[in-house]
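**Q**
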Amino acid sequence: MPTPLYDSLKRLAAENPLRFDMPGHHGVLQAAPLGALALDFTETGYTGDLFGPGGDAIEAAEQMWAARFGFDSCLFLTGGSTQGVHTGLALLAGAGGAVALDRGSHRSAYHALALLDLTPHYLLRPWLDQEGVTGPIQPETVEKILARRPEVKTVCITSPTYYGILSDLPVIAQVCHAHGARLMVDGAHGAHLPFLGYEGYRAADVVVMSAHKTLPALGQSALLFANGLTMAELRRMGSLYGSSSPSYLLMAGLDVARDYMEREGTQRYEETVRQVARLRRRFPALGPGKVELDPARLTIQCADGFALAEALRRRNIFPEMADRGHVVFLLTCADGPGRLEMLARALEELGVEGQPPALCPPPPPLPEPAMSPRQALFAPRRTLLLSRSEGQVSAGQIAPYPPGVPVVAPGERLEKKHLVYLKEIGYNRSDTTIEVVYNGTEKGDHDETDHCDCQPR
Ligand SMILES: Cc1ncc(COP(=O)(O)O)c(C=O)c1O
14 MPTPLYDSLK RLAAENPLRF DMPGHHGVLQ AAPLGALALD FTETGYTGDL FGPGGDAIEA
74 AEQMWAARFG FDSCLFLTGG STQGVHTGLA LLAGAGGAVA LDRGSHRSAY HALALLDLTP
134 HYLLRPWLDQ EGVTGPIQPE TVEKILARRP EVKTVCITSP TYYGILSDLP VIAQVCHAHG
194 ARLMVDGAHG AHLPFLGYEG YRAADVVVMS AHKTLPALGQ SALLFANGLT MAELRRMGSL
254 YGSSSPSYLL MAGLDVARDY MEREGTQRYE ETVRQVARLR RRFPALGPGK VELDPARLTI
314 QCADGFALAE ALRRRNIFPE MADRGHVVFL LTCADGPGRL EMLARALEEL GVEGQPPALC
374 PPPPPLPEPA MSPRQALFAP RRTLLLSRSE GQVSAGQIAP YPPGVPVVAP GERLEKKHLV
434 YLKEIGYNRS DTTIEVVYNG TEKGDHDETD HCDCQPR
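Counting from 14, one number per residue, gives the positions in the sequence shown under our numbering.
(1) Under 8 angstroms: does the beta carbon of G453 sit that close to some heavy atom of ligand 1?
(2) Between which two residues does the beta strand (DSSP E) holding Q498 run?
(3) Could you please give the first and the last residue of the uninterrupted alpha helix (DSSP H) stretch that includes R195?
(4) When DSSP labels each residue in this structure, what does L11 get in the three-state scheme?
(5) Hey, would you say the C-beta of H38 is under 8 angstroms away from at least one heavy atom of ligand 1?
(6) One question on the structure: do E56 and M244 come within less than 9 angstroms of each other, judged by their Cβ atoms?
(7) Would you check if the distance between the CB atom of S172 and the CB atom of G200 is smaller than 9 angstroms?
(8) Where does S180 land, buried or exposed, given buried means 16+ other C-beta within 10 angstroms?
(9) Given P183, which residues of its chain have a CB within under 7 angstroms of its CB, disregarding the five upstream and five downstream residues?
(10) Could you tell me whether the region 297-316 touches the region 266-278, where touching means 3 or more Cβ pairs closer than 8 angstroms?
(11) Kindly indicate which residue of F319, H38 and L90 has the alpha-carbon position closest to the one of Y414.
(12) Pick out the complete alpha helix (DSSP H) segments inside the region 258-342, 4 residues or longer, and give them in chain order.
(13) If you check the beta carbons only, do G177 and T16 fall under 9 angstroms apart?
(14) Below 8 angstroms on the Cβ atoms is my guess for M222 versus A235; work out the distance and round it to an integer in Å.
(15) Please state whether DSSP places I411 in a helix, a strand or coil.
(16) Please name the residue in A122, L343 and S402 whose C-alpha comes closest to that of H474.
(17) Could you check whether the region 276-290 touches the region 342-356, counting it as contact only if at least three pairs of C-beta atoms, one from each stretch, sit closer than 8 angstroms?
(18) For G453, which option in T446, R395 and L432 has the closest C-alpha, if you only look at C-alpha atoms?
(19) Can you name the residues that DSSP bridges to T154?
(20) Which residues in the same chain have their Cβ closer than 6 angstroms to the Cβ of P469, if we skip the five residues on either side of it in sequence?
(21) Taking Y59 as the reference, give the member of E72, H124, A49 and M250 with the closest Cα.
Following this line, the structure appears as structure tokens:
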């Protein structure tokens, strides 16, 4: 009988790809608890209940994570950091409130704006010209918004970014608390950092981390940490966005990943960090100095990131992400010196050294909001050629990498300068389409989408 997905995954796995992407076990480090099928339980009275009253084995495992990372409480997530970002914003901002939001947030945060009907006040990051990426959130930027908008009592920022750039969380938390606001950090890419001695997260009120991205944990398993909130509050909000049948394999995998990191994973991670430092010296790469960086993230700067990633894939090497001038490798405790030397050899053979990096110009000023993110994301929509969308209201975010921040967010009006910028960075090609809010009369640019997508839903 055909099993197309299972078959294609088995074929791919049989080729033994050198994986430097998610999940962090890279297909080589035992991530699932052994005897997976036998442990795939449901709530039985003996197995615990993720969203139940507590006092069970799940809560005991969660508490061990909370203690290890220095938080009051921890909630296991089986819906990735996406579930965590929704839960965290619901906990801190509630429904219908306001939030100072990192403009470079993942789409899960934009979706939370819509789900919770939150009003965003965007925090912009400085542009690092030489690196071609955004820098850290400046505490003064947070200070200015909180002083100007006293109704904002929730600040949400991402740290580290996809490229590994960390913001100064203790100072930002201090600014927030001085204004009676609380800080939520999307640390989706940082679950390994506290094991490496990084303490910045402790200052925040809520932190969300994707265990599956940088630790040997199964896809979708993630963690929400909180200070000053009860487990009952975490469970209540977490259950709004989580399955009522959470996977025991994912949860047991979180338990096993912590234990592994405490036994031998941290040492292996430290070795990976030393190798990454060597690779950064050997190849043009984002390096620490001007900014604080995740020591395990390797972001290579090159003349054409897409071409380099493709050339690597042809050699059975899978990076995490590529953009015009960078290729990002997610390196973890699964990657010993042997795997990293294979990567180094490939980079050398592909002539990465000495390539002048393709730099991206900074994004233009923010567009004007025409409606709320909630109105835009739930509005009827139509598909339009980007080149013909001047003056239209975007129904989603237009967020190419780089710059890695939405040039246009849901509910914002596209102006000529945004179209010109998107063209300049190679995004606005002749056939690029976007979704815009449908006002009930116009036609779209593609017949099928005109037909099925332009109807009010
Ligand atoms: C910064 C950031 N936050 C949140 C998420 C969502 O994480 P998950 O895929 O675990 O749901 C991602 C995913 O890539 C991300 O990059």
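No residue lacks a Cβ here, since even glycine has one placed at the ideal position from N, Cα and C. Quick caveat, the model's predicted, so the values are computed rather than measured.
**A** Let me spell this out:
(1) no
(2) Because the chain spans 14 through 470 in this model, residue 498 falls outside it and cannot be assessed.
(3) Premise fails: R195 lies in the beta strand (DSSP E), R195 to D199, not in any alpha helix (DSSP H).
(4) The structure shown does not extend to residue 11, since the chain is modelled only from 14 to 470, so the question has no answer here.
(5) no
(6) no
(7) yes
(8) buried
(9) G213 and A216
(10) no
(11) F319
(12) 261-273, 279-295 and 318-327
(13) no
(14) 6 angstroms
(15) strand
(16) What the structure shows of the chain is the stretch from 14 to 470, and residue 474 is not part of that stretch, so it cannot be assessed.
(17) yes
(18) R395
(19) Beta-bridge pairing links T154 to no other residue.
(20) For P469, the predicted structure reports a pLDDT of 28, less than 50, and the residue's modelled location is therefore unreliable. The matter cannot be settled from this model.
(21) E72
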